[in-house]
Amino acid sequence: MPTTQDKQFDILQQRFNSFIETLETMEPEHVDLEEIDRLIQMIGDLEEKCKQIKEQG
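The sequence shown begins at 26 in our numbering and counts up one residue at a time.
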């Protein structure tokens, strides 16, 4: 049975995969400020999740 930390790593991996998929679908010459803000928010979310996992472990 997966531990809470295992579940947290799964969530983190899903978020990271979502971030990568978002990056892959963007066309650099057509990226606007809203999309850049969204990427920054996604990075912030990933960072926060990493901190939470680190504090629990």
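Note that beta-carbon positions come from the ideal geometry of N, C-alpha and C, so glycine has one too. Being a predicted model, the structure only gives us computed values, none of them experimental.
Contact belief for residue i with residue j at Cβ below 8 Å, rounded distance in angstroms
i, j, result
"residue 38", "residue 78", "With a Cβ gap of about 11 Å, residue 38 and residue 78 do not count as contacting."
"residue 74", "residue 36", "7 Å"
"residue 71", "residue 34", "Contact doesn't hold; Cβ gap of about 12 Å is too wide."
Residue i, DSSP secondary structure in three states
i, result
"residue 28", "coil"
"residue 73", "helix"
"residue 80", "helix"
"residue 62", "helix"
"residue 57", "coil"
"residue 46", "helix"
"residue 67", "helix"
Among the options, the one whose alpha carbon lies nearest that of residue i
i, options, result
"residue 63", "26, 27 and 43", "43"
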